[in-house]
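Okay, so the sequence shown: first residue is 1180 according to our numbering, each after it adds one. Ideal Cβ positions, reconstructed from N, Cα and C, are used throughout, including at glycine.
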Amino acid sequence: MSMEELRTGAVSTQENVARYLEAIEERDSEVNAFIELNPRAEEEARRVDEKLRRGEAGKLAGLVIAVKSNINVRGLRATCASKTLENYVSPYDATVIERIRREDGVIIGMTNMDEFACGSSGETSYFGATQNPSARGRIPGGSSSGSAAAVAAKFADLALGSDTGGSIRNPASHCGVVGVKPTYGLVPRHGLIDLAMSLDQIGPLARDVRSAALLLEVIAGHSDREATTIRARGESYSSQLSADLSGMKIGFAREFEEYTAGEIIREVKHALSKLEAQGASVVEVELPSLEKALPTYYLTVFVEFFSATRRYDGRRYGYRIEEVCGEEVLRRIMLGRYISRKEYSGRYYRRALQFRSLIKREMLEVLRSVDLIAGPTTPKLPHRLGESLTPLEMYAYDLLTVPANLAGIPAGVIKAGEVRGIPVGLQLQAGPLEEQKILNAMYALEGGE
Ligand code: GLN
């Protein structure tokens, strides 16, 4: 449903849910965006409509939300698209889900993803790959493949994804939707199943900037239960949207061109000229440490993921992870185990931590001279489903997205244009807690007022 229909009450929550369920029934056998649907969605919608009639409904009333399968939603399965957690039914709601329910959002189901969020294409799921609804025959990107595809295919108004190194932004770019990775610590992670806990953040995917801003403001903010959440004010991003970019300074790093396909750069530059037309000025900046971002990211992820997987030892959950997982998850466990050994940790992990602070310093330094860093999201277009890539080719997708996670800064993606009918996203990065600047620039590009 459109935000307009929602505001005017032209469509009820029940009708909205029914339409989406019908669309899923008709087309999800091709897309494979969902692993499981919420059997209580219609009942929940009925209750929201009652609240709407009484004038007591929350901000998300009427909206239908799909949730990535690594976030706990009570009574539904948080499989992480793995065989290991195939039968794991969440006993509780993640903090973000509690907040969504408090504002009367209806959860329609759990989406497909790369197994344990390890991947950039959506192909490593135990439940099979997801199609890109905006570029048939190609990968939708990952690891939040089903969440981006569900939004792009109009199976839901909004979706939650998680982003450790680009998993919200990469599929948002490939599917032509809006995605936001918040500042580290802005959104509570309680109830998110870890990939690498020093990098993971939950964030929204949407078809338009306003609804992405709305979902973000509902899930953001300090939680008493979680010491790592920032004591941030409860911002109202959606009501503060402004497409007037006068005075805004945007940096474009010359290194982006070096690593990215020319046809993608063309679309990105075209989007930048639209931002200039709204009052922004674009300057060139330098990010020389970009070349260190991928090894730094992957070393960190291998070590943290290895440690996170030690709980899947076959005693508490159905299976011992090493016995049933896919190739990519196994590779990370093996490498993580190796790097974590005392004699190697100095050589690899500690080195990664040093590079991480270097990259962070460099990003923050640049962001003191400009409001936003704008550039491409992925260096290349999404490959065809079934095409086989080496691990390093797969990791290369993440080059431009991992710096934001390493630096803990927010980053958003919105469609910049298309190359031969395939969506290409513009990525915007800002200083810590400057989500509003990103949202405003995206809003301007979308053509908002
Ligand atoms: N593609 C990256 C990885 O495989 C990012 C994953 C993510 O952000 N969850 O680690």
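Task: Coarse secondary structure for T1408, derived from DSSP in three states - done: For the purposes of this step, residue 1408 is identified with residue 229 of the sequence shown, where counting begins at 1. In this structure, T1408 counts as coil in the three-state DSSP scheme.
Open item on the list: Does K1428 come out as helix, strand or coil in the three-state DSSP assignment?
Closed with: As a working mapping, residue 1428 is identified with position 249 in the sequence shown. It is a strand residue.
Task: Whole-angstrom distance between G1307 and N1211, CA atom to CA atom - done: Your numbering for residue 1211 matches position 32 in the sequence shown. Your numbering for residue 1307 matches position 128 in the sequence shown. Cα-Cα distance, rounded: 8 Å.
- [ ] Check whether the Cβ atoms of A1274 and S1402 lie closer than 7 Å to each other.
- [x] Numbered from 1 along the sequence shown, position 95 holds the residue referred to as residue 1274. Numbered from 1 along the sequence shown, position 223 holds the residue referred to as residue 1402. Looking at the sequence itself, residue 1274 is Thr, so the reference to Ala does not match. The answer is yes: Cβ separation under 7 Å.
TODO: Could you give the DSSP three-state label for T1290: helix, strand or coil?
DONE: Your numbering for residue 1290 matches position 111 in the sequence shown. When DSSP states are grouped into helix, strand and coil, T1290 belongs to the strand group.
Task: For V1397, the first and last residue of its enclosing alpha helix (DSSP H) - done: As a first step, residue 1397 is located in the sequence shown; it is residue number 218 there, counting from the start. It spans 1388-1398 - the alpha helix (DSSP H) in which V1397 sits, taken as one unbroken run.
- [ ] Report whether the distance from the Cβ of D1342 to the nearest heavy atom of the ligand GLN is below 6 Å.
- [x] Mapped onto the sequence shown, residue 1342 falls at position 163. True, at least one ligand heavy atom lies under 6 Å from that Cβ.
Open item on the list: Nearest by alpha-carbon distance to G1355: which of S1304, G1604, E1614, E1628 is it?
Closed with: If you number the sequence shown from 1, residue 1355 lands on position 176. Among S1304, G1604, E1614, E1628, the Cα nearest to that of G1355 belongs to G1604.
- [ ] Report whether the distance from the Cβ of P1623 to the nearest heavy atom of the ligand GLN is below 6 Å.
- [x] Start at 1 with the first residue of the sequence shown, and residue 1623 comes out as number 444. Correcting the residue identity first, residue 1623 is Ala in this sequence and not Pro. Because no heavy atom of the ligand GLN lies under 6 Å away, the Cβ of A1623 does not count as near it: no.
Task: Rounded C-alpha distance that separates Q1380 from I1601 - done: Start at 1 with the first residue of the sequence shown, and residue 1380 comes out as number 201. Start at 1 with the first residue of the sequence shown, and residue 1601 comes out as number 422. For Q1380 and I1601, the distance between alpha carbons rounds to 27 Å.
TODO: Would you mind working out which of H1562, V1285, E1628 sits nearest E1221, comparing C-alpha positions?
DONE: Your numbering for residue 1221 matches position 42 in the sequence shown. When only C-alpha atoms are compared, the closest one is V1285.
Task: Integer Cβ distance of A1331 from P1312, believed to fall under 8 Å - done: By 1-based counting over the sequence shown, the position of residue 1331 is 152. By 1-based counting over the sequence shown, the position of residue 1312 is 133. That pair is a contact at about 4 Å.
- [ ] Write down every uninterrupted run of the alpha helix (DSSP H) in the segment 1522-1597 whose length is 4 residues or greater and which is fully enclosed by it, in chain order.
- [x] 1530-1548, 1570-1574, 1581-1586
Task: Buried or exposed (CB count within 10 angstroms, at least 16 for buried), V1482 - done: Within the sequence shown, numbered from 1, the residue matching residue 1482 stands at position 303. With 16 or more other Cβ atoms within 10 Å, it is buried.
Open item on the list: Restricting to Cα atoms, I'd like to know which of P1589, A1575, Y1476 is closest to L1374.
Closed with: Locating residue 1374 in the sequence shown gives position 195, where the first residue counts as 1. That would be Y1476, whose Cα lies nearest to the Cα of L1374.
- [ ] Using 10 angstroms around the beta-carbon of H1353, count the other beta-carbons present and answer buried if the total reaches 16, otherwise exposed.
- [x] Position 174 of the sequence shown holds residue 1353. Flag for H1353 reads buried.
Task: Host alpha helix (DSSP H) of S1486 (start-end) - done: Here residue 1486 corresponds to residue number 307 of the sequence shown, with the count starting at 1. Per DSSP, S1486 belongs to the alpha helix (DSSP H) from 1469-1488.
Task: Enclosing beta strand (DSSP E) for K1360 [first to last residue] - done: In the sequence shown, counting from the first residue as 1, residue 1360 sits at position 181. From DSSP, the beta strand (DSSP E) with K1360 extends over 1357-1360.
Task: Minimum length 3: unbroken beta strand (DSSP E) runs contained in the segment 1213-1254 - done: 1213-1216, 1243-1247
Open item on the list: Check whether the segment 1335-1344 and the segment 1555-1569 touch, using three or more Cβ-Cβ pairs below 8 Å as the test.
Closed with: no
- [ ] Enumerate in chain order the residues of its own chain whose CB-to-CB distance from P1611 is below 7 Å, with the five nearest sequence positions on each side excluded.
- [x] The sequence position of residue 1611 within the sequence shown is 432, counting from 1. Excluding positions up to five away in sequence, the list reads T1362, G1587, I1588.
Open item on the list: With a threshold of 6 Å (Cβ to nearest heavy atom), would D1577 be considered close to the ligand GLN?
Closed with: The count along the sequence shown starts at 1 and reaches residue 1577 at position 398. Yes, the Cβ of D1577 comes within 6 Å of a heavy atom of the ligand GLN.
Task: For L1509, three-class secondary structure by DSSP - done: The residue you call residue 1509 lines up with position 330 of the sequence shown. Helix at L1509.
TODO: Compare the beta carbon distance of M1292 and L1255 with 7 Å and say whether it is the shorter of the two.
DONE: Locating residue 1292 in the sequence shown gives position 113, where the first residue counts as 1. Locating residue 1255 in the sequence shown gives position 76, where the first residue counts as 1. In this structure, L1255 does not lie closer than 7 Å to M1292 by Cβ.
TODO: Could you check the C-alpha separation between I1276 and T1408 for me, to the nearest Å?
DONE: Taking the first residue of the sequence shown as 1, we reach residue 1276 at position 97. Taking the first residue of the sequence shown as 1, we reach residue 1408 at position 229. Computed Cα separation, rounded: 16 Å.
Task: Same chain, Cβ closer than 7 Å to E1223, five either side skipped, listed in chain order - done: As a position in the sequence shown, residue 1223 is number 44, starting the count at 1. Result list for E1223: V1285, in chain order.
Open item on the list: Here's the rule: buried if 16 or more other CB atoms are within 10 angstroms of the residue's CB, otherwise exposed. What is R1489?
Closed with: Within the sequence shown, residue 1489 is the residue found at index 310, counting from 1. Exposed, since its Cβ has fewer than 16 Cβ neighbours within 10 Å.
- [ ] For D1492, count neighbouring C-beta atoms within 10 Å of its own C-beta (all shown protein chains included) and say buried if the count is 16 or more, exposed if not.
- [x] The residue given as residue 1492 occupies position 313 in the sequence shown. When all chains shown are included, D1492 counts as exposed.
TODO: Determine, using beta-carbon pairs with one atom in the segment 1437-1450 and one in the segment 1497-1515, whether at least three such pairs fall under 8 Å.
DONE: no
Open item on the list: What residue range does the alpha helix (DSSP H) around P1350 cover?
Closed with: The residue you call residue 1350 lines up with position 171 of the sequence shown. Unbroken alpha helix (DSSP H) run through P1350: 1348-1354.
Open item on the list: Counting C-beta neighbours from all protein chains within 10 Å, is the total for Y1271 16 or more, i.e. buried, or is it exposed?
Closed with: Reading the sequence shown from its first residue, position 92 is the one you call residue 1271. Using a 10 angstroms sphere on the CB of Y1271, the tally of other CB atoms stays under 16, which defines it as exposed.
- [ ] Find out if the Cβ-Cβ distance for the pair V1243, Y1199 is shorter than 7 Å.
- [x] As a first step, residue 1243 is located in the sequence shown; it is residue number 64 there, counting from the start. As a first step, residue 1199 is located in the sequence shown; it is residue number 20 there, counting from the start. Taking 7 Å as the Cβ cut-off, V1243 and Y1199 qualify as a contacting pair.
Open item on the list: Quick check: is any heavy atom of the ligand GLN less than 6 Å from the C-beta of V1196?
Closed with: As a position in the sequence shown, residue 1196 is number 17, starting the count at 1. In this structure, V1196 has its beta carbon at no less than 6 Å from each heavy atom of the ligand GLN.
TODO: Taking 7 Å as the cut-off, decide whether the C-beta atoms of E1405 and P1367 are in contact.
DONE: Position 226 of the sequence shown, counting from 1, holds the residue named residue 1405. Position 188 of the sequence shown, counting from 1, holds the residue named residue 1367. Cβ atoms of E1405 and P1367: closer than 7 Å.
Task: Proximity test, G1355 beta-carbon vs the ligand GLN heavy atom, cut-off 6 Å - done: The residue you call residue 1355 lines up with position 176 of the sequence shown. G1355: no, Cβ never under 6 Å from the ligand GLN.
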